[in-house]
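In this note's numbering, the protein residues as written are 239 to 575. Glycine included, each C-beta is placed from N, C-alpha and C at the ideal position. Report on the structure given below.
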Amino acid sequence: MKQKHLGRQTVAFAHPPSILSFANIGGKFESRGPLASYFDTLNNDSFFGEKTWEKAESAMQKSVLNCALEKAGLTAADLDYILAGDLLNQCIGSSFGLRDFKVPFYGLYGACSTMGESLSLAALLIDGGFADKVAAMTSSHFCTAERQYRMPVPYGNQRTPTAQWTATAAGCTILEADGSGPYVTHVTCGKIVDKGITDANNMGAAMAPAAYDTLSAFFQDTGTKPADYDLVITGDLGELGHAIVRDFFSKDGVELPNFQDCGLLLYNREDQDMHAGASGCGCSASVLNGYLLTELKKGRWKKILFAPTGALLSPTSSFQGESIPGICHAVCLSAET
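Below is the structure:
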């Protein structure tokens with residue numbers, strides 16, 4: 239019997255898991271952005287001291303988990319599970335980066351929605367009584383993503399105005415069963431939404447329908463409205479996708495008074511030439527585990543609806559002319575239960 243389910247897609251936790259600690263790491267371009275002061279670690283070396291960019295991404299995951307553990311006063315042995323994923327084939331950024339921690343591991347793939355997916359599943363594990371402490375995390379790297387999904391970096395491929403810059407960043411949240419907050423009070427599992435967009439340089443348009451679908455489901459399931467939240471923030475829709483979602487809700491007669499997007503916050507788009515904004519798993523993960531949770535704990539906001547989005551494509555699907563399915567998972571974060 240579904241005792242904690244609201245509507246079709248949302249879960250309301252009977253005992254909301256608490257955020258014990260959080261950490262993030264970024265690269266050169268993140269260090270030049272407006273949120274630089276909210277990062278635990280910034281590194282101007284795209285290799286992070288490693289021989290390849292893929293190894294660099296694994297090093298980022300290892301570093302950000304160690305940072306979150308240190309801030310919580312924990313060791314890896316205190317974790318019941320690690321939930322992590324990335325954009326690389328077979329999620330090697332996560333599996334190689336976390337293999338030495340010897341913690342039960344679930345590898346996830348939700349594209350750029352992975353921070354929301356991992357956080358949702360971590361909260362479900364804890365509220366269900368299956369774990370006391372769980373790390374939810376993800377990463378992305380500009381150079382690894384470019385090489386896998388687009389063109390080799392030395393090629394110097396020109397980007398279209400709708401293109402976004404994959405963040406070189408990682409974020410980690412450690413949840414616990416009992417704590418002083420902030421809390422994860424609700425999660426909404428998104429559905430796959432595909433409106434036929436085939437342009438891999440226009441991810442915002444491909445993901446926007448999924449964001450609209452999940453946010454609409456959340457508000458309907460919980461009986462709330464956007465104005466009930468201090469901040470409603472998507473993951474990496476960028477300028478175009480953000481505008482599309484606002485337009486969708488406007489046609490429904492719904493205003494979004496406190497609507498923002500992590501992809502519009504991470505960089506100074508004009509000065510840094512970031513076109514439509516930031517993207518990548520590390521975009522929403524680093525913004526959440528720096529700026530958002532820091533300010534939530536300070537009392538700037540009391541309730542945030544965090545809804546990262548993902549484009550579920552692959553190089554193979556793009557080469558075969560497939561459209562781009564989108565996904566969005568929503569997580570309600572509250573200073574109080």
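Original post:
Got a sec? Which residues, its chain only, sit under 8 Å from ASP362 by beta carbon, not counting five neighbours each side?
Top reply: Checking the sequence shown, residue 362 turns out to be Leu, not Asp. If we look at LEU362 and ignore the five residues flanking it on each side, its Cβ neighbours are VAL249, VAL425.
Original post:
On the three-pair Cβ rule with 8 Å, is the segment 427-444 touching the segment 458-471?
Top reply: no
Subject >> Secondary structure of SER517, DSSP reduced to three states >> reply: In this structure, SER517 counts as strand in the three-state DSSP scheme.
Original post:
Using 8 Å as the Cβ pair cut-off and three pairs as the minimum, do the segment 239-246 and the segment 469-479 touch?
Top reply: Contact check between the segment 239-246 and the segment 469-479: fewer than three CB pairs, one atom from each, fall below 8 Å, which does not count as touching.
Subject >> Simplified DSSP assignment, three categories, for ALA408 >> reply: strand
Subject >> Whole-angstrom distance between ALA407 and SER378, CA atom to CA atom >> reply: 6 Å
Original post:
Sorted by chain position, which residues of the same chain lie with C-beta nearer than 6 Å to PRO563's C-beta, five sequence neighbours on each side aside?
Top reply: Excluding positions up to five away in sequence, the list reads ILE430, ASP432, LEU550.
Subject >> Sub-8 Å separation of CYS350 and SER517 beta-carbons >> reply: Cβ atoms of CYS350 and SER517: closer than 8 Å.
Original post:
Taking contact to mean at least 3 C-beta pairs separated by less than 8 Å, is the segment 332-349 in contact with the segment 272-291?
Top reply: no
**OP:** Going by CA-CA distance only, name the one from ASN439, PHE251, ALA448, ALA449 that's closest to ALA360.
**Re:** PHE251
Subject >> Enclosing alpha helix (DSSP H) for VAL483 [first to last residue] >> reply: 476-489
**OP:** Within its chain, find whatever has a CB closer than 7 Å to the CB of SER301; leave out the 5 residues flanking it on each side and keep chain order.
**Re:** Here the set comprises ILE263, THR279.
Original post:
Does DSSP classify LYS289 as helix, strand or coil?
Top reply: Coil.
Original post:
Near SER556, which residues of its chain fall below 7 Å by C-beta distance, leaving aside the five closest residues on each side in sequence?
Top reply: ALA438
Original post:
Thinking C-beta only, is ALA449 closer than 8 Å to THR352?
Top reply: no
**OP:** Check whether the segment 335-345 touches the segment 531-543, taking contact to mean three or more Cβ pairs, one atom from each stretch, closer than 8 Å.
**Re:** no
Original post:
In whole angstroms, what separates the C-alpha of ASP466 from that of GLU268?
Top reply: 31 Å
Original post:
Taking the C-alpha atoms as reference points, what is the distance between ASP499 and LEU543?
Top reply: So the alpha carbons of these two residues sit roughly 11 Å apart.
Subject >> Own chain, CB closer than 7 Å to ASP283, minus 5 neighbours either side, in chain order >> reply: Counting only Cβ-Cβ distances below 7 Å, and skipping sequence neighbours, we find nothing.
Original post:
Are the segment 479-488 and the segment 410-417 in contact at 8 Å, needing three or more beta carbon pairs?
Top reply: no
Subject >> Whole-number beta carbon distance between ASP318 and VAL372, since they are thought to touch under 8 Å >> reply: 6 Å between Cβ atoms; contact.
Original post:
If you run the structure through DSSP and keep just helix, strand and coil, what is CYS570?
Top reply: strand
Original post:
Hey, which unbroken runs of the beta strand (DSSP E) at 3 residues or more fall wholly within the segment 518-554?
Top reply: 541-545, 547-549
**OP:** State yes or no: is the C-beta of ALA322 within less than 8 Å of the C-beta of SER356?
**Re:** yes
Subject >> Continuous beta strand (DSSP E) assignments of at least 3 residues falling wholly in the segment 269-341 >> reply: 319-323
**OP:** Can you give me the Cβ contacts of LEU531 inside the same chain, cut-off strictly under 8 Å, excluding the 5 residues immediately before and after it?
**Re:** ILE257, PHE260, THR411, PRO420, LEU571
Original post:
Any idea what DSSP makes of ASP466, helix, strand or coil?
Top reply: Residue state, collapsed to three classes: helix.
Subject >> Pairwise C-alpha distance: THR452 and GLY245 >> reply: 12 Å
Subject >> Beta-carbon separation (whole angstroms), GLY559 vs THR436, contact threshold 8 Å >> reply: 7 Å
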